[in-house]
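Report on the following structure.
Chains as they are written, first to last, in my numbering: chain U, -3 to 286; chain D, 250 to 578.
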């Protein structure tokens, strides 16, 4: 209990310090910042309007169009810059939503145990074994409207299970600690105990879970849009790949149109994975770099 | 025995849930689902009356209660009646699925087993030579490769090896002039067409096994029984394989079946990119043509396949690992 109180005020700076001390996660933080800045300042950074079709179609890369133009005469580089917005938005929102679902289900199951746990764990295991992408495709195919928000919804309701399982396992080890018993004796309700007493001790686990969910969401969004299940008029890396593949970018030799969105996607996902190395070190001191 | 009963019960419950989910999804839309679907179809151009009939057949008579629709739905599943595909009219949905199933089964089976073997061996080596250059290379490399988008690798391979180099065919499961048959000529041709799709999956497939195996084995090598084995003077080989790897591989057996769902999702993308005649491409075709009966049946088939694989893996784990049986009893 005293240890908890003592470490609490310095938690945030320490959190950042450990993240920065780890070489891998430092690279990740820098890389992710570049993406975030690109997304925020996309209208300033992009040389052209990404939706403008004023240019000649299927131009090769040149000084005017760094990555060439699409089959409809849009500037690929401008689309690439604006695409960062969609990926980060989906990653952030779907990551937050599935983390919330995972927290609610995992924490409730792990804290209450008994038949509630049996039921919620069964639900989690069920969601874990059902193949996610076919489920996503089926859900998206029936939806009357298509777009980024549908994709965010589909990813959130299908992607929480793994996080819930991990959080349940963690809370089971924490629920019998002394400070929990103390809080119970002090008359705190279960909601308060779970979310105010126990959850702060699982911060890194929640952050890792969020990063994992966000990374998976970014990949899933690109995959679904590549399959044409999003709104094809949205500017995103997934739709860019969709149009590049359908527009015959391979046949016309417009390789930058095909390579660039995938490379951007890979770099973003790598940045998140690298940061997770550092977050892992947060929860497991054995992994910290000297 | 208790363990096996519990796993079987879980399988039955998940099976029921998947079947019910499949019933619920099309009915989530407000109003009469069949009407909504037909409305969507007419919005896209002229509708074949066969399509409307197929949708009606799939969803049951709209005026009856949901409960009797559910009962009819369960009944038709038991009879193996999944409806009629209207893009491939008059073929029943099951016919289309049985045509596509072997392709996916072979593609997923081969890549999954190969990926598991490669990953487990590499992971075991990395753990044995912990903190060596090989270890950091393999661990970092698989973290990176494992996070690569599946379909982008497929697109790259398609571009580099099929279009630029021309080493492999760019689409299809077999050449147009080779008809499927039990012959060496066909088998060779099918393998030749399957190499690129398989390679796309194999690039990322071992990554998870490497990390899982390495972390498990680092742990098992630190256990007391391994230390005792070393102290007894057992050969290095014996300690690594019989004491380190043997225990470390067990969690990967459960992972093997769980990963199957992810791999099947990946094949949807890979099969679409390479125009490979498996279940994934069929699913996307069904989605594109709004062939709902085919889509529904495919989702159900893929899910049941994954559930069965999980049941088998659970049984296998129960046979291999006595601790699991004890725990449940």
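Note that the Cβ used here is the ideal one computed from N, Cα and C, for glycine as well.
With DSSP as the reference, label residue i as helix, strand or coil.
i: residue 341 of chain D; result: strand
i: residue 333 of chain D; result: strand
i: residue 358 of chain D; result: helix
i: residue 481 of chain D; result: coil
i: residue 231 of chain U; result: coil
i: residue 223 of chain U; result: coil
i: residue 170 of chain U; result: helix
i: residue 523 of chain D; result: helix
i: residue 396 of chain D; result: coil
i: residue 250 of chain D; result: coil
i: residue 141 of chain U; result: coil
i: residue 47 of chain U; result: coil
i: residue 21 of chain U; result: helix
i: residue 379 of chain D; result: coil
i: residue 212 of chain U; result: helix
i: residue 260 of chain D; result: helix
i: residue 455 of chain D; result: helix
i: residue 78 of chain U; result: helix
Grab me the residues of residue i's own chain with a C-beta within less than 6 angstroms of its C-beta, minus the 5 sequence neighbours each way, in chain order.
i: residue 506 of chain D; result: 558, 559, 562
i: residue 521 of chain D; result: 530, 533
i: residue 267 of chain U; result: 24, 27, 28
i: residue 352 of chain D; result: 422, 526, 527
i: residue 152 of chain U; result: 90, 93, 94
i: residue 317 of chain D; result: none
i: residue 245 of chain U; result: 253, 254
i: residue 102 of chain U; result: 160, 163, 164
i: residue 369 of chain D; result: 458, 462
Give every residue of the same chain whose Cβ lies closer than 7 angstroms to the Cβ of residue i, excluding the five residues on either side of it in the sequence, and list them in chain order.
i: residue 158 of chain U; result: 124
i: residue 260 of chain D; result: 556, 560
i: residue 190 of chain U; result: 103, 107
Within 10 angstroms of its Cβ, does residue i collect 16 or more other Cβ (buried), or is it exposed?
i: residue 462 of chain D; result: buried
i: residue 578 of chain D; result: Legend: pLDDT at residue 578 of chain D = 45, less than 50; position of this residue unreliable, no value from coordinates given.
i: residue 324 of chain D; result: exposed
i: residue 166 of chain U; result: buried
i: residue 575 of chain D; result: exposed
i: residue 484 of chain D; result: exposed
i: residue 256 of chain D; result: buried
i: residue 68 of chain U; result: exposed
i: residue 46 of chain U; result: buried
i: residue 472 of chain D; result: exposed
i: residue 263 of chain D; result: buried
i: residue 433 of chain D; result: exposed
i: residue 440 of chain D; result: exposed
i: residue 50 of chain U; result: exposed
Going by DSSP, which residues form a beta bridge with residue i?
i: residue 71 of chain U; result: U/65
Between which residues of its own chain and residue i is the CB-CB distance below 8 angstroms, once the five residues before and five after are set aside?
i: residue 21 of chain U; result: 15, 270, 271, 272, 273, 274, 275, 277
i: residue 329 of chain D; result: 343
i: residue 460 of chain D; result: 372, 388, 391, 392, 395
i: residue -3 of chain U; result: Residue placement at residue -3 of chain U is poorly supported in this model, since its pLDDT is 41, which falls under 50; the coordinates still yield a value, given next. 174, 175, 178.
i: residue 53 of chain U; result: 65, 66, 67, 68, 69
i: residue 111 of chain U; result: none
To the nearest angstrom, how far is the alpha carbon of residue i from that of residue j?
i: residue 175 of chain U; j: residue 208 of chain U; result: 29 angstroms
i: residue 72 of chain U; j: residue 83 of chain U; result: 16 angstroms
i: residue 198 of chain U; j: residue 163 of chain U; result: 8 angstroms
i: residue 250 of chain D; j: residue 266 of chain D; result: 24 angstroms
i: residue 474 of chain D; j: residue 354 of chain D; result: 40 angstroms
i: residue 376 of chain D; j: residue 469 of chain D; result: 10 angstroms
i: residue 252 of chain D; j: residue 572 of chain D; result: 10 angstroms
i: residue 275 of chain D; j: residue 138 of chain U; result: 7 angstroms
i: residue 430 of chain D; j: residue 135 of chain U; result: 37 angstroms
i: residue 480 of chain D; j: residue 88 of chain U; result: 52 angstroms
i: residue 511 of chain D; j: residue 239 of chain U; result: 25 angstroms
i: residue 453 of chain D; j: residue 519 of chain D; result: 12 angstroms
i: residue 227 of chain U; j: residue 218 of chain U; result: 12 angstroms
i: residue 364 of chain D; j: residue 451 of chain D; result: 6 angstroms
i: residue 517 of chain D; j: residue 361 of chain D; result: 15 angstroms
i: residue 129 of chain U; j: residue 211 of chain U; result: 15 angstroms
i: residue 104 of chain U; j: residue 553 of chain D; result: 29 angstroms
i: residue 253 of chain U; j: residue 58 of chain U; result: 13 angstroms
i: residue 60 of chain U; j: residue 499 of chain D; result: 57 angstroms
i: residue 261 of chain U; j: residue 398 of chain D; result: 8 angstroms
i: residue 349 of chain D; j: residue 487 of chain D; result: 45 angstroms
Is any beta-carbon of chain A found at less than 8 angstroms from that of residue i?
i: residue 408 of chain D; result: Judged by its chain identifiers, the structure shown contains no chain A, and its protein chains are U and D.
Do residue i and the ligand PLP come close, with the Cβ less than 7 angstroms from some heavy atom?
i: residue 440 of chain D; result: Absence of the ligand PLP is noted for the structure shown, with no ligands found whatsoever.
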